[in-house]
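**Student:**
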Amino acid sequence: MSDEEFRLEVQDLIQRFMGTETKDFFELSKLAGLNTAEDFAGADLSGVNLSGANLSSINLKGTNLFGANLRGANLFKANLSGANLFGSNLSDANLSDANLSNANLSGANLSRALLSSTNLSGALLSGTNLTNAILSNAILSNAILSNAVLSEANLFGAKLDNVNLFGAILSRSILSYTQLSSGNLTYANMGYSNTTYANLSKANLSYAHLNGVNLSNANLSDTTVDKARFGDNVGISEEMKLDLKQRGAIFQDANNDHSMLLTRSS
29 MSDEEFRLEV QDLIQRFMGT ETKDFFELSK LAGLNTAEDF AGADLSGVNL
79 SGANLSSINL KGTNLFGANL RGANLFKANL SGANLFGSNL SDANLSDANL
129 SNANLSGANL SRALLSSTNL SGALLSGTNL TNAILSNAIL SNAILSNAVL
179 SEANLFGAKL DNVNLFGAIL SRSILSYTQL SSGNLTYANM GYSNTTYANL
229 SKANLSYAHL NGVNLSNANL SDTTVDKARF GDNVGISEEM KLDLKQRGAI
279 FQDANNDHSM LLTRSS
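Structure below.
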């Protein structure tokens with residue numbers, strides 16, 4: 029089958045999928061003589077509408093899903109490594125245990141998506157909407173999430189070492205037991221997030237907002253905090269506060285009065 033014939037076959041399959049009440053994409057693929065473990069990998073499915081489809085364990089490695097509608101789809105254990113999901117709608121989708129390593133998810137909508145134990149290492153998620161997403165125990169090492177929105181997201185136990193969260197919004201997110209070592213959180217908004225037992229060693233928090241953040245048992249050793257703003261933080265001792273001030277941090281009390289910025293030379 030030529031590439032053009034395959035593309036037409038897939039388009040026909042999608043049309044049949046949309047015209048039926050069933051959400052079993054595997055059954056329709058089988059009827060069309062297509063193998064979900066092989067035939068869709070690397071295919072051009074840009075703009076496809078598979079909202080609510082059952083795509084668990086499907087192989088979409090390297091597939092072009094630019095602008096695709098996968099809202100509420102079941103992609104449990106799916107292989108989407110290296111896939112192009114730029115601008116796609118994956119809100120409310122189940123991506124638990126899926127492989128999204130090195131995938132392009134920039135500008136995608138992943139709000140309320142389930143991404144527990146998902147592999148997102150090296151993935152591109154710039155400007156991605158992850159509001160209220162569940163990312164517990166997910167792997168995001170070396171991922172790029174600059175300017176991503178993760179408000180109220182659950183990242184409990186996630187691996188975020190060497191992650192780029194420049195300018196990201198993490199307000200009221202759960203970051204307990206996360207590995208954020210050597211991560212870039214410059215200009216990130218972490219207001220009122222929970223970072224208990226988080227490892228932030230060697231991370232860059234310059235100009236980040238950490239007002240109201242729970243820092244109980246968080247590891248801030250060798251963390252860059254130049255111009256980072258703290259205030260009303262739980263779990264931070266006076267000794268730690270002084271140390272952070274000496275490293276360039278700014279503390280703001282409940283009356284919005286800025287504490288004196290100290291330097292090691294002062």
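Be aware that the sequence shown starts at 29, since it is given in this note's numbering, and climbs by one per residue. The C-beta atom is built at its ideal place from N, Cα and C for all residues, glycine as well. Since the model is a prediction, treat every value here as computed from it, not as a measurement.
Closer than 7 angstroms by C-beta to ASN122: which residues in its own chain qualify, once you throw out the five before and the five after it? Chain order, please.
**Tutor:** For the purposes of this step, residue 122 is taken as the residue at position 94 of the sequence shown. These residues qualify, in order along the chain: ASN102, LEU103, PHE104, LEU142.
**Student:** Taking GLY185 as the reference, which of LEU163, PHE194, SER134 has the closest Cα?
**Tutor:** Position 157 of the sequence shown, counting from 1, holds the residue named residue 185. Out of LEU163, PHE194, SER134, LEU163 has the C-alpha closest to the C-alpha of GLY185.
**Student:** Who are GLN207's beta bridge partners in DSSP?
**Tutor:** Residue numbering aside, residue 207 sits at position 179 when the sequence shown is read from its first letter. DSSP lists LYS187, ASN227 as partners of GLN207.
**Student:** Rounded to whole angstroms, what is the Cα-Cα separation between THR224 and LEU238?
**Tutor:** On the sequence shown, position 196 is the one that residue 224 refers to. On the sequence shown, position 210 is the one that residue 238 refers to. Their backbone Cα atoms lie some 13 angstroms apart in a straight line.
**Student:** Between the Cα of VAL76 and the Cα atoms of PHE94, LYS89, ASN82, SER199, which residue gives the shortest distance?
**Tutor:** Position 48 of the sequence shown holds residue 76. Nearest option by C-alpha distance: PHE94.
**Student:** Label LEU270 either buried or exposed according to how many other C-beta atoms from any shown protein chain fall within 10 Å of its C-beta, with 16 as the threshold for buried.
**Tutor:** Residue mapping note: residue 270 aligns to position 242 of the sequence shown, counting from 1. It counts as exposed.
**Student:** Are ASN232 and THR206 closer than 7 angstroms when you measure CB to CB?
**Tutor:** As a position in the sequence shown, residue 232 is number 204, starting the count at 1. As a position in the sequence shown, residue 206 is number 178, starting the count at 1. The Cβ-Cβ distance between ASN232 and THR206 does not fall below 7 angstroms.
**Student:** Within the same chain, show all residues whose beta-carbon is closer than 8 angstroms to that of ALA181, passing over the 5 residues directly before and after it, in chain order.
**Tutor:** Against the sequence shown, residue 181 aligns to sequence position 153. Answer for ALA181: LEU158, THR159, ASN160, ALA161, ILE162, LEU163, LEU198, SER201, ILE202, listed in chain order.
**Student:** Within a Cβ cutoff of 6 angstroms, which residues of the same chain sit near ASN12, ignoring the five residues on either side of it in sequence?
**Tutor:** Residue 12 lies beyond the stretch modelled for the chain, which goes from 29 to 294, so this question has no answer here.
**Student:** Tell me the residue span of the beta strand (DSSP E) that contains LEU238.
**Tutor:** As a first step, residue 238 must be located in the sequence shown, where it is residue number 210. Residues 237–239.
**Student:** For ASP7 versus SER234, is the C-beta spacing smaller than 7 angstroms?
**Tutor:** Here the chain covers residues 29 to 294 and nothing more, so residue 7 does not appear.
**Student:** Using a 10 Å radius around the Cβ and a threshold of 16 neighbouring Cβ atoms, would you call VAL262 buried or exposed?
**Tutor:** For the purposes of this step, residue 262 is identified with residue 234 of the sequence shown, where counting begins at 1. VAL262 should be labelled exposed.
**Student:** Taking only three categories from DSSP, how would you classify ASN284?
**Tutor:** To locate residue 284, count along the sequence shown from 1; it is residue 256. Since pLDDT at ASN284 reaches only 48, below the 50 mark, its modelled position is unreliable, and the value read off the structure follows with that caveat. In the structure shown, ASN284 sits in coil (DSSP, three-state: anything other than H, G, I, E or B).
**Student:** Within 10 angstroms of its Cβ, does SER179 collect 16 or more other Cβ (buried), or is it exposed?
**Tutor:** In the sequence shown, the residue the question calls residue 179 occupies position 151. Label assigned to SER179: buried.
**Student:** Run through DSSP, which three-state label would PHE279 get?
**Tutor:** On the sequence shown, residue 279 is found 251 positions in, with the first residue counted as 1. Three-state result, PHE279: strand.
**Student:** Would you mind giving the Cβ-Cβ distance between GLY150 and SER134, rounded to the nearest angstrom? I have them listed as a contact below 8 angstroms.
**Tutor:** Residue 150 sits at position 122 when you count from the first residue of the sequence shown. Residue 134 sits at position 106 when you count from the first residue of the sequence shown. Actually they are not in contact, since the Cβ atoms of GLY150 and SER134 sit about 13 angstroms apart, beyond 8 angstroms.
**Student:** Please state the DSSP three-state secondary structure of PHE258.
**Tutor:** Working through the sequence shown from its first residue, we reach residue 258 at position 230. Residue state, collapsed to three classes: strand.
**Student:** Relative to the C-alpha of ALA106, which residue among ASN137, LEU173, SER119, ALA69 is closest?
**Tutor:** Stepping through the sequence shown from its first residue, residue 106 is reached at position 78. Nearest of ASN137, LEU173, SER119, ALA69 to ALA106, Cα basis: ALA69.
**Student:** Compute the distance between the beta-carbons of PHE53 and ALA81, then report whether it is under 7 angstroms.
**Tutor:** Here residue 53 refers to the residue found at position 25 when the sequence shown is read from its first residue. Here residue 81 refers to the residue found at position 53 when the sequence shown is read from its first residue. In contact: PHE53 and ALA81 (Cβ atoms closer than 7 angstroms).
**Student:** For LEU123, does the three-state DSSP call read helix, strand or coil?
**Tutor:** Locating residue 123 in the sequence shown gives position 95, where the first residue counts as 1. In this structure, LEU123 counts as coil in the three-state DSSP scheme.
**Student:** Examine the ligand ADP and report whether any of its heavy atoms sits within less than 6 angstroms of the Cβ of LEU73.
**Tutor:** The ligand ADP is not among the ligands present in this structure, which contains no ligands whatsoever.
**Student:** Using 7 angstroms as the threshold, is the C-beta distance between LEU208 and LEU183 below it?
**Tutor:** Here residue 208 corresponds to residue number 180 of the sequence shown, with the count starting at 1. Here residue 183 corresponds to residue number 155 of the sequence shown, with the count starting at 1. In this structure, the beta-carbon distance from LEU208 to LEU183 does not fall below 7 angstroms.
**Student:** Which partner residues of LEU113 appear in the DSSP bridge assignment?
**Tutor:** Taking the sequence shown and counting its residues from 1, the one referred to as residue 113 is at position 85. According to DSSP, LEU113 shares a beta bridge with no other residue.
**Student:** Starting from the N-terminal side, write out each stretch of the alpha helix (DSSP H) that is 4 residues or longer and does not extend beyond the stretch 140–181.
**Tutor:** Runs of alpha helix (DSSP H) with 4 or more residues, each lying fully within the stretch 140–181, are absent.
**Student:** Report, in whole angstroms, the separation of the C-beta atoms of SER109 and SER129, which I expect to be a contact under 8 angstroms.
**Tutor:** For the purposes of this step, residue 109 is taken as the residue at position 81 of the sequence shown. For the purposes of this step, residue 129 is taken as the residue at position 101 of the sequence shown. Contact holds; Cβ gap of about 5 angstroms.
**Student:** Out of ASP120, LEU148, LEU138, which has the shortest C-alpha to C-alpha gap to ALA126?
**Tutor:** Sequence index remark: in the sequence shown, residue 126 carries index 98 (1-based). Among ASP120, LEU148, LEU138, the Cα nearest to that of ALA126 belongs to LEU148.
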